[in-house]
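Remarks on the structure that follows.
2 protein chains.
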Amino acid sequence: MYDLIIIGAGPAGITAAVYAARKRMNFVVITNDIGGQAAWSGDIENYTGYQFVTGPDLVSKFEEHMKKFNVSVKEGEPVADIKKNGDIITVKTNKGEYEARVIIIASGKISRELGVPGEKEFKNKGLTYCATCDAPLFSGKDVAIIGGGNSALDAALQLIKIAGKVYMINIASQLGGDAIMREKVMANSKVKVFNNSQVASISGGKMVTSIKVRQEGKEREIPVGGVFVEAGLSPNSGFAKAVEMNEGGEIKVNCRNETSVPGIFAAGDVTNVPEKQIIIAAGEGSKAALSAFRYLSQKR
Amino acid sequence: MYDLIIIGAGPAGITAAVYAARKRMNFVVITNDIGGQAAWSGDIENYTGYQFVTGPDLVSKFEEHMKKFNVSVKEGEPVADIKKNGDIITVKTNKGEYEARVIIIASGKISRELGVPGEKEFKNKGLTYCATCDAPLFSGKDVAIIGGGNSALDAALQLIKIAGKVYMINIASQLGGDAIMREKVMANSKVKVFNNSQVASISGGKMVTSIKVRQEGKEREIPVGGVFVEAGLSPNSGFAKAVEMNEGGEIKVNCRNETSVPGIFAAGDVTNVPEKQIIIAAGEGSKAALSAFRYLSQKR
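If you read the protein sequences in the order shown, they are chains E and B.
Just so you know, the first sequence maps onto residues 4 to 303 in this note's numbering.
Just so you know, the second sequence maps onto residues 4 to 303 in this note's numbering.
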């Protein structure tokens with residue numbers, strides 16, 4: 004029986020763990036992985052205090068910070084369900100059940116799938132959802148990025164250095180995201196942007212060899228050796244049916260990180276916090292841990 | 004005429020500046036100082052990504068980060084008033100007036116005074132509000148810390164290394180703050196804590212020589228060569244009468260950092276955000292900048 008269970012170990016979950024440790028709470032972190040989406044980021048220039056750091060490097064620093072406090076972390080344990088009975092909250096994973104008096108859900112977001120023919124077939128056969136993890140495998144190859152926001156731009160900035168041609172398939176009429184990233188991408192002659200466009204299908208043999216792109220009613224085939232899906236993210240909240248969510252599946256929280264169920268707090272990208280940023284998620288994690296600590300103190 | 008004026012350059016204001024710069028906004032930062040309360044902190048162990056950093060070091064990193072973007076900073080300019088007329092917001096300082104279409108108030112907190120005889124007289128003559136700035140001047144001297152929360156503990160941890168005896172004058176029945184800091188302080192034989200106690204007056208000649216402490220109806224004189232006032236902080240919001248505040252003078256914001264006046268946003272310790280922490284202020288600064296950017300985009 005723990006005081007606290009933290010679900011997730013991205014920037015929100017790790018920061019919550021640092022704060023819980025400093026409050027000497029008896030707690031455990033249960034998570035799929037360490038770092039969440041932050042680990043998949045390329046160059047990060049807006050985490051205050053680090054002018055420039057890569058996603059994997061920042062995540063290493065976060066992980067070391069958490070582990071300094073001898074935090075108990077159960078990695079590779081996706082959560083299947085949470086339930087509250089009386090004052091006790093039960094967290095069920097693929098390996099067992101854990102009990103606590105409060106929990107913090109900081110399970111982040113997961114990549115959204117395109118839902119087009121060929122996507123499932125070519126996953127990990129030239130099609131990937133993580134540019135940071137996989138870009139180095141596409142040296143000299145022509146590639147397509149599906150998306151037009153910050154994560155697509157981030158993928159483009161990584162691929163420019165490695166790949167051949169870089170096609171961006173953007174559903175909107177122009178690229179979104181931060182001006183500073185957009186300008187860097189558009190200034191590069193390797194990049195060709197298809198606006199008002201969607202991927203219709205993905206084809207190949209053993210590996211991806213082409214995509215079909217629909218633009219203003221017309222379809223064209225583009226030969227590519229790699230497809231990077233950056234079509235947005237969905238909240239990883241499927242297991243959290245016990246709490247209220249918005250239409251997008253984000254867990255509703257107030258400014259104190261309280262959900263609709265007393266004793267269940269949430270923080271970071273899985274919530275309806277209006278912006279998804281590493282520094283914001285970290286701040287929310289801290290706030291959730293302090294709220295959880297106060298909740299327990301008042302119960303005692 | 005700016006897009007945006009940011010008031011304050013602590014963790015919230017600096018992070019807002021980094022985000023505004025990346026969005027290529029036309030803006031200026033107007034501030035008393037760089038770093039705010041963070042610059043006065045001793046050892047920081049809960050800014051995720053830095054296992055251990057001093058306040059001044061973290062502030063240097065923040066400042067370098069902001070200056071990388073060639074941000075225009077007007078330092079040493081306390082703001083006297085803000086006014087909104089139509090769509091234009093005017094910020095009046097001791098040196099002039101500035102106009103913008105949106106502003107972010109991130110002016111933080113300032114030290115609360117004790118209001119006891121001798122306080123004004125001995126300010127900077129042995130009495131200080133900043134342990135980090137001044138502790139090194141008290142080498143070998145017996146000192147008193149007025150307060151019992153995290154900032155008092157932080158001052159104690161700094162003074163243990165430098166001063167002679169360290170008296171803590173705590174109004175509550177026991178020390179507050181983080182367990183991890185409290186344990187370190189209480190384990191040190193130099194420290195003597197007076198609980199349920201208040202300072203009645205401060206005495207001396209050219210410099211402080213003693214304080215009078217009232218404990219459970221009794222008064223006693225304690226000879227000290229230094230007094231560190233760590234009696235809490237007040238929001239630095241006196242110039243912001245244009246927006247709604249709570250009873251404590253904190254600017255009321257919603258989760259999007261909107262104040263009661265459209266176009267005026269606020270972030271960090273000057274607001275009613277439930278916890279005052281560097282990592283939280285930084286996250287709030289990012290959120291405020293993105294909200295301000297969105298507000299302007301929708302206006303255009």
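Backbone N, C-alpha and C define an ideal beta-carbon position, used for all residues, glycine too.
Because the structure is a prediction, the values reported are computed rather than measured.
Helix, strand or coil, according to DSSP, for residue i in the structure here?
i, result
"E:PHE336", "Given that chain E is displayed from residue 4 to residue 303, the structure contains no residue 336 of chain E and the question cannot be resolved."
"E:ILE163", "helix"
"B:ASN153", "helix"
"E:TYR170", "strand"
"E:MET4", "coil"
"E:PHE197", "strand"
"B:ILE9", "strand"
"B:PHE305", "Because residue 305 of chain B is not part of the residues shown, which for chain B are 4 to 303, the question remains open."
"B:THR262", "coil"
"E:THR34", "strand"
"B:SER240", "coil"
"B:THR135", "helix"
"E:GLU222", "strand"
"E:VAL119", "coil"
Run through chain B and tell me which residues come within less than 9 Å of residue i, C-beta to C-beta.
i, result
"E:CYS1", "Because chain E in this structure spans residues 4 to 303, residue 1 of chain E falls outside the shown range and cannot be described."
"E:SER44", "Here the premise fails: no neighbours, minimum Cβ distance about 14 Å."
"E:ARG25", "GLU48, ASN49, ASP181, ALA182, ILE183, MET184"
For residue i, write down the residues that DSSP places opposite it in a beta bridge.
i, result
"B:GLY229", "B:VAL146"
"E:ILE17", "In DSSP, E:ILE17 forms no bridge with anything."
"E:THR93", "E:LYS86, E:GLU102"
"E:THR57", "E:ASP46"
"B:LEU299", "None, per the DSSP bridge assignment."
"E:PHE72", "Looking at the DSSP assignment, E:PHE72 forms no beta bridge with any residue, so it has no partner."
"E:ILE267", "E:ILE106"
"E:SER289", "According to DSSP, E:SER289 bridges with nothing at all."
"E:MET248", "E:ILE254"
Can you tell which of the options has the C-alpha that lies nearest to the C-alpha of residue i?
i, options, result
"E:PHE242", "E:ILE10, E:LYS26, E:TYR5", "E:ILE10"
"B:SER309", "B:ILE106, B:ALA285, B:ILE163", "This structure cannot speak to residue 309 of chain B, because chain B is shown only from 4 to 303."
"B:VAL76", "B:PRO59, B:GLY16, B:GLY207", "B:GLY16"
"E:VAL94", "E:TYR53, E:LYS112, E:GLU48, E:VAL31", "E:VAL31"
"B:SER206", "B:ALA158, B:GLY228, B:TYR170, B:SER192", "B:GLY228"
"E:THR96", "E:ILE214, E:MET171, E:THR34", "E:THR34"
"E:ASN275", "E:GLY180, E:VAL62, E:LYS112", "E:LYS112"
"E:LEU236", "E:ARG25, E:MET4, E:ALA12, E:ALA41", "E:ALA41"
"B:GLY179", "B:LYS164, B:ALA138, B:ALA155", "B:ALA155"
"B:LYS279", "B:LYS144, B:ASN198, B:PRO238", "B:PRO238"
"B:ALA147", "B:VAL119, B:TYR170, B:ILE281, B:SER192", "B:TYR170"
"E:ILE8", "E:TYR50, E:ALA285, E:ILE91", "E:ILE91"
"E:LEU293", "E:ILE281, E:VAL273, E:GLY266", "E:GLY266"
"E:ILE254", "E:ILE108, E:VAL119, E:GLY220", "E:ILE108"
"B:LEU160", "B:GLY45, B:GLY99, B:ALA24", "B:GLY45"
"E:TYR101", "E:GLY271, E:ASP84, E:GLY89", "E:ASP84"
"E:PHE245", "E:GLY79, E:ALA269, E:VAL211, E:GLY58", "Rather than Phe, the amino acid found at residue 245 of chain E in this sequence is Ala. That would be E:ALA269, whose Cα lies nearest to the Cα of E:ALA245."
"B:LYS128", "B:ALA182, B:ALA134, B:VAL211", "B:VAL211"
In chain B, which residues lie with their C-beta within 7 Å of the C-beta of residue i?
i, result
"E:LEU293", "GLU278"
"E:SER18", "Here residue 18 of chain E turns out to be Thr, not Ser, going by the sequence shown. Per Cβ cutoff of 7 Å: THR51, ILE282."
"E:VAL21", "ASN49, THR51"
"E:ASP84", "Within chain B, no residue comes near E:ASP84; the closest Cβ sits about 28 Å away, beyond 7 Å."
What's the gap between the Cα of residue i and the Cα of residue j?
i, j, result
"E:VAL196", "E:ASN173", "7 Å"
"B:GLU66", "B:ILE37", "7 Å"
"B:ALA103", "E:GLY152", "28 Å"
"E:GLU233", "E:ARG115", "8 Å"
"B:GLY52", "E:ARG223", "46 Å"
"E:ARG217", "E:MET184", "26 Å"
"E:VAL194", "E:LEU61", "28 Å"
"B:ALA175", "B:LYS87", "43 Å"
"B:MET4", "B:LYS302", "16 Å"
"E:ARG27", "E:THR18", "14 Å"
"B:LEU140", "B:GLN201", "25 Å"
"E:LYS168", "E:ASP145", "5 Å"
"E:ILE163", "E:SER192", "9 Å"
"B:ASN198", "B:GLU78", "40 Å"
"B:ASN249", "B:ILE165", "40 Å"
"E:PHE72", "B:GLY99", "49 Å"
Identify the contact partners of residue i in chain E, using a Cβ-Cβ distance below 8 Å as the criterion.
i, result
"B:ARG259", "PRO277"
"B:ILE107", "Those within 8 Å of B:ILE107 in chain E number zero; the least Cβ separation is about 14 Å."
Going along chain E, which residues have a C-beta under 7 Å from residue i?
i, result
"B:GLN54", "GLU67, HIS68, LYS71"
"B:ALA285", "THR51, ILE282, GLY286"
"B:LEU61", "GLY52"
Can you list the residues of chain B that residue i reaches, using a CB-CB cut of under 8 Å?
i, result
"E:PRO14", "THR51"
Any heavy atom of the ligand FAD closer than 7 Å to the beta-carbon of residue i?
i, result
"E:ASN275", "Because no ligand of any kind appears in the structure shown, any question about the ligand FAD cannot be addressed here."
With a threshold of 8 Å between beta-carbons, can residue i be considered close to chain C, or not?
i, result
"E:VAL56", "This model lacks chain C altogether, as its protein chains are E and B."
Using a cut-off of 9 Å between C-beta atoms, extract the partners of residue i located in chain E.
i, result
"B:LYS64", "THR51, GLY52, TYR53, GLN54"
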